[in-house]
């Protein structure tokens, strides 16, 4: 009996260790910002948040733990649900910098809940819920993508080479971004999301160990919003 109990204890401890390692181990973050004009002018369209139309600026999509091989952890801790009370002091900043554009219109809670439960829980060993959202907001302040582009003559409403967009951001932040495109309702390729890489503390930009898959056209639109 003692032998069986000992084996069971070891199995349980091993399972706990596997879960712990899976939830704590990651190599870097993708910090992803999206252009609202490109979210809204697709066939699917968009809905403005209940707080009103967001500013014509890049908004946060997420801060996503990743591995150097290109894979990523997700939904690491089902026992750590999103709690609005944990970030009540950040809510006005999040409504401004991390707005939802999904339909139907909402106040953003569902969007933030998804980001925390899918991605944020996988960084809990480093960032608790408040620190996770606060870190993303801090990165948004540090990385002004719209200013980087407009300072190089790249303004909403025009069409630009993918290279010129990458170069403008690289010159401004010191690191090469990855650009994700989508298509407008007419099927034209356009600037949708910009990825930069961040160290595991969630505070400092780093050179990306790996980029996601996919490619944009050599010339892409930067739609107005």
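In mature numbering (1 follows the signal peptide of the UniProt record, and there is no 0), the protein residues as written are -23 to -1, 1 to 202.
Using N, Cα and C, we set each Cβ at its ideal position, and we do this for glycine too.
Check	Outcome
Nearest-angstrom Cβ-Cβ length linking residue 45 and residue 4, presumed shorter than 8 Å	5 Å
Residue closest to residue 181, alpha-carbon to alpha-carbon, out of 154, 116, 60	116
Residue interval of the beta strand (DSSP E) (run including residue 173)	166 to 175
Any 3 or more C-beta pairs closer than 8 Å across the segment 183 to 202 and the segment 154 to 162	yes
Span separating the alpha-carbon of residue 204 from that of residue 192	An answer regarding residue 204 cannot be provided, because it is not within the stretch -23 to 202 covered by the chain.
Residue from 166, 152, 165 whose Cα sits closest to the Cα of residue 172	152
For residue 163, the three-state DSSP class (helix, strand or coil)	coil
Span separating the alpha-carbon of residue 70 from that of residue 86	13 Å
Residue 135 to residue 127 span [Cα, whole Å]	11 Å
For residue 13, the nearest candidate out of 41, 54, 78, 21 (CA to CA)	78
Local Cβ density within 10 Å of residue 64, reported as buried at 16 or more and exposed below that	buried
Cut-off 7 Å between Cβ atoms - residues of its own chain near residue 42, not counting five sequence neighbours on either side	3, 6, 49, 50, 96, 99, 100
Straight-line Cα distance separating residue 94 from residue 56	9 Å
Residue 7, DSSP secondary structure in three states	strand
Range of the contiguous beta strand (DSSP E) that encloses residue 137	135 to 138
Beta-carbon spacing of residue 68, residue 26 below 8 Å	no
Beta-carbon proximity of residue 36 to residue 74, cut-off 8 Å	yes
DSSP state of residue 80 mapped onto helix, strand, coil	coil
Spatial distance of residue 9 from residue 179 (CA atoms)	13 Å
Neighbourhood of residue 149 by C-beta distance below 6 Å, restricted to the same chain and skipping five residues each side	125
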